[in-house]
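As structure tokens, the structure follows; a few thoughts come after it.
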Amino acid sequence: MKIKFCITLMFVGALVSTVRAQSNDDPTARKLYLDFGGSVGLFIPYDQVKNTKTLIGSNAMTALQLNYYQNYFVKLQLGQTTVDFKSQNNFGAINSLIDAKANSTNLGLAFGYQHNFGRWQPFVLAGAGASFIDVPATSFVNTSNTVNYTTGSGTYMYINAGGGINFKVSKSFIFFLECQGSTIPELSNKSSTHLSGISTMIGIKAPL
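Set out below in structure tokens:
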């Protein structure tokens, strides 16, 4: 679902760029201008499960970016991360094993700097925001000797930093590669959520 949502937003961005291409106006020539786009990619958690293959998740993100003189920018980011969730608990003689998915929806603000080298524009950024997490959970009821499987939800602060490079295909269409590392300080590795990690993404955006 999140992939379809992101693809839809990317299509809208491409449509806007097509309309812009028919105009002589160059948005990036202005002192302040916005660009809008989306990206998809892979997510690799920092904490891995021992004696198992490397966990690899997915990430999709939509962003609205305010640029100042093509150099400084502030970016509003909305994204979702999904990764395998593996957890094992022992309740007396009962052994419980969970193999499911953990999800986080992230909304944050990042500040960055970018510099033009012809059509290429490398950039760096750092920011923070709120992470809305849903993870599988277990609990044991002694009276009925029952293991309950539920979904635990919570809101936490996340911190992220990263960099990448834009390639200006035209004045109204930009292709980019980006790598971001993010961490949720309140969640320890023992939580098994695996929602702190590195995202490598590919995307498109269009100046508005």
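With mature numbering (1 follows the signal peptide of the UniProt record, and there is no 0) applied, the sequence shown corresponds to residues -21 to -1, 1 to 187, in that order. For every residue, glycine included, the Cβ atom is placed at its ideal position computed from N, Cα and C. Please read all numbers here as calculations on a predicted model, not as lab measurements.
In the pairwise beta carbon analysis, the region 98 to 109 is classified as not touching the region 121 to 131: fewer than three pairs are separated by under 8 Å. Of the residues Val62, Ser66 and Leu43, the one whose Cα lies closest to the Cα of Gly182 is Leu43. With a contact defined as Cβ atoms closer than 8 Å, Cys158 and Gly141 qualify at about 5 Å. Residue state for Thr125 is assigned as strand, using DSSP reduced to three classes. Segment contact: the region 81 to 96 against the region 130 to 140, three or more CB-CB distances shorter than 8 Å; contact assigned. Counted as a single uninterrupted DSSP element, the beta strand (DSSP E) harbouring Asn38 occupies residues Gly36 to Tyr47. Ile112 is bridged by DSSP to Ser83 and Gly133. The Cβ-Cβ distance between Phe64 and Pro24 does not fall below 8 Å. The DSSP-derived three-state label of Pro186 is strand. Per DSSP, the continuous beta strand (DSSP E) segment holding Tyr12 begins and ends at Leu11 to Pro24.
The distance from the Cβ of Asn38 to that of Gly58 is about 6 Å, consistent with a contact at the 8 Å cut-off. When secondary structure is reduced to three states using DSSP, Thr33 falls in the coil class, being assigned neither helix nor strand. Only residues of its own chain outside the window of five on either side were considered, and among them Asn82, Thr130 and Ser132 have a CB closer than 6 Å to the CB of Asp113, listed in chain order. The three-state reading of DSSP puts Pro164 in coil, since its state is none of H, G, I, E or B.
Here the C-alpha atom of Gly17 lies approximately 12 Å from the C-alpha atom of Leu55. Under DSSP, the beta-bridge partners assigned to Gly176 are Pro24 and Ser161. By the criterion of a C-beta distance shorter than 6 Å, Thr179 is surrounded in its chain by Gly20, Leu21 and Cys158, once the five residues flanking it on both sides are discounted. An exposed status is given to Leu88, since fewer than 16 other beta-carbon atoms sit within 10 Å of its beta-carbon. In this structure, the straight-line span from the alpha carbon of Phe52 to that of Phe90 is close to 6 Å. Under DSSP, Ser66 shares a beta bridge with Ile77. Within the same chain, and ignoring the five residues on either side of Lys184 in sequence, the residues whose Cβ sits closer than 7 Å to its Cβ are Gly(-9), Asp14, Phe15, Gly16, Ile153 and Phe155.
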